[in-house]
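Residue numbers (the numbering used here): 32 to 345. Heads up, the beta-carbon is just placed ideally off N, CA and C, and yes, glycines get one too.
What follows is the structure, encoded as structure tokens:
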């Protein structure tokens with residue numbers, strides 16, 4: 032068995048990978064030319080983003096473990112034709128992304144992005160309005176690992192939490208009411224805060240558009256810590272300009288990074304962070320724990336964790 036590990040993500044944990052697969056050849060590669068050469072006879076690949084040339088080069092691959100949670104960048108049709116098992120890193124980012132969501136929510140609610148600008152300008156300027164989250168309703172769109180982690184934290188802030196998901200039968204204790212994704216209009220109309228944590232697939236791309244923003248509660252806050260492609264940014268700006276929303280917190284945006292003259296930069300009702308939600312000093316540790324457990328399962332012929340449905344895109 033040959034295992035190829037690409038990039039720096041778990042380079043410091045290769046001994047743990049070797050311990051999980053005694054007798055296997057474990058190769059770490061740092062550049063694309065080395066990767067294309069070594070993957071030719073590999074059975075297992077741990078990798079980040081890659082292009083179609085790698086899919087063509089991997090003649091004997093049976094399982095791909097990606098270090099990302101989303102797979103919207105992946106040539107899924109080509110991979111499906113190869114017959115690979117694909118697992119993602121969903122869940123390992125839940126804690127830092129949830130913390131980012133709460134940070135963005137509170138930055139908008141308490142006017143912190145305005146205060147930062149005022150501090151830089153040496154101005155003592157109060158925000159025109161503030162938002163209190165206590166005893167308000169938070170709605171979460173998609174209740175995977177990240178959505179559940181956010182729900183727990185919102186509950187701790189004294190909020191009522193509702194959610195919609197493709198699987199509405201598994202309601203965690205932190206969620207007061209869970210319905211199917213077809214009840215999105217209900218969630219938008221009932222929520223004072225809306226948190227987007229869905230994957231970006233052909234079905235969900237730009238799911239938050241003009242019609243959806245019009246369904247949101249007057250004066251509510253929108254937070255996106257998932258994928259920028261889920262939101263029509265122009266429609267969001269129109270909704271903000273019209274006064275329908277109190278503000279928005281965005282860790283992701285369609286077409287990252289936005290152009291220097293993009294109007295989103297200058298908005299004081301938007302808290303914007305540069306897609307840092309999944310970043311954590313413990314990311315590599317959690318990645319290798321997942322990979323090692325999946326190596327154990329792979330060797331034992333058991334179902335792998337986080338197996339991706341290449342047709343659905345998550």
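In terms of Cα proximity to residue 87, the closest of 165, 106, 101, 102 is 106.
Closest in alpha carbon position to residue 112, among 293, 144, 89, 120, is 89. Taking the CA atoms as reference points, residue 51 sits about 36 Å from residue 227. Secondary structure at residue 221: helix, using DSSP grouped into helix, strand and coil.
Nearest neighbour of residue 170 by Cα position, chosen from 72, 248, 95, turns out to be 248. In this structure, the CA atom of residue 242 is about 52 Å from the CA atom of residue 46.
Annotation: the stretch 53-84 contains the following complete segments of the alpha helix (DSSP H) (minimum length 4 residues), in chain order: 63-69. Shown here for residue 99: same chain residues with a beta carbon closer than 8 Å to its own, the five before and five after excluded, namely 79, 80, 119, 120 in chain order.
Residue 110 sits away from residue 73, with the two beta carbons spaced by 8 Å or more.
In the assembly as shown, residue 342 is an exposed residue. Its beta-carbon has fewer than 16 other beta-carbons within 10 Å. Contact between the stretch 210-226 and the stretch 249-269 is established, with three or more Cβ pairs separated by less than 8 Å. Following the DSSP letters along the chain, one finds residue 319 inside the alpha helix (DSSP H) bounded by residues 314-331.
Under the criterion of beta carbons closer than 8 Å, residue 334 and residue 328 qualify as touching, at roughly 7 Å. Around the beta carbon of residue 75, 16 or more other beta carbons lie within 10 angstroms, which makes this residue buried. Around the CB of residue 85, 16 or more other CB atoms lie within 10 Å, so the residue is classed as buried. Bounds of the alpha helix (DSSP H) holding residue 244 are 241-246. Within the stretch 169-222, the beta strand (DSSP E) runs of at least 3 residues that lie entirely inside it are, in chain order, 191-196, 208-211. Within the stretch 285-312, complete alpha helix (DSSP H) segments of at least 4 residues are not found at all. Remark: C-beta atoms of residue 300 and residue 131 do not approach each other more closely than 8 Å. Looking only at 53, 48, 184, the smallest Cα-Cα distance to residue 320 is reached by 48. If the five residues before and after residue 59 are omitted, its C-beta is found closer than 7 Å to the C-beta atoms of 36, 42, 45, all from its own chain and listed in chain order. Taking C-beta atoms as the reference points, residue 231 and residue 211 fail to come closer than 8 Å.
By the 16-neighbour rule on beta-carbons within 10 angstroms, residue 332 is exposed. Residue 302 sits buried, since 16 or more C-beta atoms from the chains shown fall within 10 Å of its C-beta. The C-beta of residue 296 has fewer than 16 other C-beta atoms within 10 Å across all chains shown, which makes the residue exposed. Residue pairing from DSSP leaves residue 228 without any beta-bridge partner.
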